[in-house]
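Mind the numbering: the sequence shown is residues -23 to -1, 1 to 1134 in mature numbering (1 follows the signal peptide of the UniProt record, and there is no 0), read in order. Here a beta-carbon is modelled for each residue, glycine too, at the ideal position from N, C-alpha and C. As the structure is a prediction and not an experimental result, all values here were calculated from the model. Report on the structure given below.
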Amino acid sequence: MRPARHLVIAALAAGLVTPAAQAAPAVQHGASTRTVTLISGDKVVVDDKGAFVGTEGRPGTSFVRYVENDHQFVVPEDALPLLAKDRLDKRFFDVTALLDFGYEDAKIDHIPVLNSGFRAAGNTAKKDAAQQWGRLLQASIQSEKMWLDGRARLTLNESVPMVGAPQAWQNGLDGKGVTVAVLDTGYDQGHPELQGVVSTSKDFTGLGIQDTNGHGTHVASTVAGRGGTYTGVAKGATLAVGKVCEEFGCQESAVIAGMEWAAREAKAKVVSMSLGGDQSDGTDPLSQAVNRLTEETGALFVIAAGNSGVYRRVSSPAAADSALAVANVTKQGPLNDSSSRGPRIGDHAVKPDIAAPGTDIVAARAKDTLPGQAVDEFHARLTGTSMATPHVAGAAAILAQRNPSWTAGELKAHLMGTAKDGTKPDEVGTGLLDVAKAATQQVRADAGSLSYGLLEWPHTEVRNKTITYRNDGDQPVTLKVSLPLNDFSLSADTVTVPAHGTAPLTVILDPRKGLGQFYGYLTAEAPGVKITTAVGAYVQEERHRLTVRATGRDGKPVGEYMLLVNQTTGESSPLLLDATGVGSVKLPVADYAVLSRVKEYDEARHWYAPVSATDVVGKVSLAQDAEVVLDTRQAKPIKVDVGDSRVAQLHRETDLSVPRIPSKNTSGVSGPLYGATDVYGLRFGDPVANVTYETLLKAAQPRVSIDGRFRFPLGTYGSSGPVSGRHEYPVVLPGGDVKGALVVLQLKDGAEWEIFDHAQRLKDAGAAAVLQVGPIPFAMNEQTALPVVWATQHHAAGLVRELSEGKPVRLTLTGAETSPVSYNLFYPEKGLPAGKTYTRGPVAEVSSTYRSSGADALVSQRVHPVVEGQPAKMILLLDEWLLAPASRTEFYTAGNGIGFYREVGIGRMFGADARDPHVGNWSDQRYLKFRPGQKTSVVWNEGVSAPRVGIPPGGYAPWSRNEVARAGDAISASVSVFSAGNALEGWVRSGWGTLALSRDGQPLGTSPRPSYGEWRVPPGQGRYELALSAERAGAPQVALSTRVDTKWGFTSATSTGALPLLQVAYDIPLDIRNSARAGAPVPVKFTFPRQSGAGHATVRDWKAWASYDDGATWVPVRSIIPPGGKAGGFVSLKVTASDTDGNTVDQTVLRAYRLRA
């Protein structure tokens, strides 16, 4: 299968960067992050600058984190073999690209996938991704590659004469009889300049052919518009318009379907595509489709090179061999800074191919679009390679009219060969389009460029390529040829081309003369004739082979991964060792940091449950072939001794990283380890500068422990019922009498999801509990029918052996619903320790109370360490489960600049979605920095839970983006829908519902998520209403704040900053279950702060009401909520307020708190 991508429309304009610019860009004020789910089901969190913050991974998953071409990759260890075998598109783990595609979790709940035919293969729901990933690993022997269905982005009165079109018109050449397909955002069916121009159209988005973006109409009219002043290049051509792009980009599967339609059904001779994805080596699905369709149909694909400037290379699908990739020059001639550069990544082939004017281009404007770029009612001014591309497509139509039998390759070569004013092939190809020259010059070349590509070190052979000149005239022509480029020479100084004949010229490259990149122009000239061919090669600098051999602690070879980081450039990549423990790669001369985590497994080799883990770091200098031999038996232990016999190590997580200076990204290996996994450190070679090693330890009394003849660590499922108290059980294998027994299951890899069915059958047979030995399920969306505990095979091997031999065994399980004490200890190091034991060290003591949401339920508690204000690069899944309500003592590392963000999830299960009945509130607490010996307290889930915007004072976690703000003519909202007390909901938010914005009573759009929305708004001042409706009814852990409705009213003009939304804060003395005594008056205090950063105003008026019948009737409230309702019932609250600036709030919370006897 192949995953799908999204393409980018190549347009640049004030306020219009991509089609997504029609929706509001994210407004970035203060700290915020974005979360994206990988195809493996693991979640990655980055900050608002794209820097890695952490991941929420599957249990025990380790990750490789590396930087390639300034893109941050985060790859789970079990994906590395699939990537090494080229069975999986690496963009599934390219966090930078996934966010660019708009695939962050706040915007999309699935992962689009392409099949082997590059057609949409359906979507993988993010909530099911971990489960689907397990099945994919089981089927990894499949031969088909799985691709991401990504997104591409949407990338004339002066520009048309600039490319020579009027001279061609004078010669009777205007594209008549030629069909040009435009694949874009559709077209304005009522625009006067496109009347009679479009012969056929088709929508591939499901939104209709009408252009609501404006990009496609602008492009179409540049090709063939008939508008007097703003006439298109090929004003006589016929258009076939395919709508393949939505407001937010272009799904790759839709683009490929449109390409097929244009080339096969519409019979287009030329296909214009002003869109593009990320930089590409030309092997991506879109580029492959271009090459295939060109070969099969003869259509010439003219494609925008991209708008990434010097930062990225030519994008997909312009990177395809057959594509005519178009750069953007200004009307004065120089390259526009935004135009993507070449050469092509990977093989360094010559790209782009040609340039055309694409800056400040005036062309048709679709109705009700592009208000910020409007010239008049019917025209708009845009910039980008999107605007340059249709100039070249129109020129290709003119040339095809003159030469109807020419192939796509001939059209491409002649347009390139007759281009003028070329400066640098890796910027403008052969130069500026000159259609007048192309339509009249009779001597041409068979290729527009000669790409020698990448010549790998060492260099021993001369490379030759032949270019053939063709003369379509009646007289012979002698061409003077020249190629002033180092390492290159020509077989002759002149070439005579006979009339209606051909003549070859050999271009010789001797890579032994010099190293590096060589790009220039081969020119062939005669009176009235000039043919320009772009020539390029990358003669690779000196490289040597690095070989790594690794041995595990058991003395056997280990097929692990190594992360290799170039200490000069910061570029990094993983090297996967094979089953013999050997891997090798050729790399440039440099010093390299080698980082790895080598795991020792039992016979079952469950990758998330190793016997031990050895973290490795060292430096190797690659001035010649080198070999690194790693024997992890030489590693020394890294231990932690808390010094408290009441607790055991629940989780330990480590991160070994090297920063990429001055980049915001880092390269490293990280991951959690569970239970009694032993950790070792191995250093080799010279020390690595700036390497950091961070250890986070969570220790507490285990939720369940085992006693008897066998003792070993046990794990529990968050979706399992608790083991309460102390119980002695007979222990049996399935198949016999299981009544009242602890049944030992041994599930195979890939069958761990069957635990839910097994538990139900065993419950029906009378079993008391289940001990699962082996793999554990990752996504826990269900509740198991029986309490289920698990153990690794190496820990439980003795027990399984005796049961298999028929020996009777009895064991005692002791359950602790909540550990009375916990430790959260963090140890940051410069360099990798080896042979070291960490002790508890200086700590602070925190008395923590966990309130319930009206029903006793499991909650998960986790911490995220911070050093000097910078979040540690840690996984976020080190959860400890406890039963709320509860109170206990917690210890945190204190001093040395160390602090923590703390989170509590109420009923949250990994892999569950917002509608899952086991999902409740996910709270996010302030960043706290403790003093050694400090004692303090905290209350979690302090009612009433209600919407909150803005960041309360105290320095919240960076993923707590929580603001309603305006940036120019865009408004974005990020709302903590069920915020309890001073805690915000974090980067996972509960509830479902809607968030709608209106202006002066007119709807602007409704988001299907109550926590997030973006809107483009009209310029100038208006009266706005933001309306939120959300519910979380049906979740058994959450009986309170089951529905909230809030309307904020405010006035806003074009500006940038936080908007003046009033909030409602509740101060009610509730108990540990967020309840109050029935029949008694309850004091209450309402306050109405604005969100932070939005200024201040005096509250002019407020009113409040209480209801004891879920809102059927209401009684007024001021400072006392009057007695009402019965024990077991609920109290709902309704509040309205306004301030002196005219801002208003109207909020209703159903079942705000419970009444007790």
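Pairing residue 474 with residue 498 gives a Cβ-Cβ distance that is not under 7 Å. Rounded to the nearest whole angstrom, the C-alpha separation of residue 654 and residue 921 is 42 Å. DSSP, reduced to helix, strand and coil, places residue 646 within a strand of the structure shown. Our two residues, residue 577 and residue 594, have alpha carbons roughly 17 Å apart in a direct line.
When C-alpha distances from residue 378 are compared across 146, 298, 517 and 553, the shortest belongs to 146.
The beta carbons of residue 122 and residue 63 sit about 6 Å from each other, so the pair counts as a contact at 8 Å.
Proximity to residue 107 across 19, 156 and 78 peaks at 19, based on C-alpha coordinates. Here residue 247 really is in contact with residue 374; their C-beta atoms are around 5 Å apart, less than 8 Å. Between the beta-carbon of residue 1123 and that of residue 1024 there is about 5 Å, and that keeps the pair under the 8 Å contact cut. Beta-carbon to beta-carbon, residue 406 and residue 508 are separated by about 14 Å, too far to satisfy the 8 Å threshold. Taking all protein chains in view, the Cβ of residue 1104 is surrounded by fewer than 16 other Cβ atoms within 10 Å, so the residue is classified as exposed. By the Cβ rule, the segment 621 to 633 does not count as touching the segment 551 to 559, because fewer than three pairs are nearer than 8 Å. Beta-bridge annotation (DSSP): residue 543 is paired with 569.
Here the alpha carbon of residue 872 sits roughly 16 Å from the alpha carbon of residue 815. Following the DSSP letters along the chain, one finds residue 431 inside the beta strand (DSSP E) bounded by residues 426 to 432. For residue 233, the uninterrupted alpha helix (DSSP H) run begins and ends at 229 to 237, by DSSP.
Only residues of its own chain outside the window of five on either side were considered, and among them 59 and 123 have a CB closer than 6 Å to the CB of residue 65, listed in chain order. The beta carbons of residue 907 and residue 821 sit closer together than 7 Å. Judged by their CB atoms, residue 456 and residue 415 are not nearer to each other than the 7 Å cut-off.
Only residues of its own chain outside the window of five on either side were considered, and among them 1101, 1102, 1106 and 1108 have a CB closer than 7 Å to the CB of residue 1085, listed in chain order.
Bounds of any beta strand (DSSP E) do not take in residue 194; it lies within the alpha helix (DSSP H) bounded by 192 to 201. In this chain, residue 266 is not harboured by any beta strand (DSSP E); it is covered by the alpha helix (DSSP H) spanning 262 to 274.
A straight-line Cα-Cα distance of about 17 Å links residue 592 and residue 569. Beta-bridge partners of residue 421 (DSSP): 447. The beta carbons of residue 761 and residue 736 sit closer together than 7 Å.
Residue pairing for residue 659: DSSP places it in a beta bridge opposite 593.
At a Cβ-Cβ threshold of 7 Å, residue 1050 and residue 785 do not count as neighbours. Here the alpha carbon of residue 542 sits roughly 10 Å from the alpha carbon of residue 567. Residue 1077 is positioned such that its CB atom lies closer than 7 Å to that of residue 1115. Within the same chain, and ignoring the five residues on either side of residue 666 in sequence, the residues whose Cβ sits closer than 8 Å to its Cβ are 544. Checking the DSSP bridge columns, you'll see residue 628 partnered with 651 and 675.
Taking 4 residues as the minimum length, the alpha helix (DSSP H) runs contained wholly in the segment 318 to 404 are 362 to 379 and 385 to 394, in order along the chain.
With contacts defined by Cβ atoms closer than 7 Å, residue 451 and residue 487 do not form a contacting pair. Per DSSP, the unbroken beta strand (DSSP E) holding residue 494 starts and ends at 493 to 503. If you draw a straight line from the Cα of residue 503 to the Cα of residue 81, it is about 57 Å long. Taking a cut-off of 8 Å on C-beta distances, the segment 176 to 191 touches the segment 214 to 228, as three or more cross pairs fall below it.
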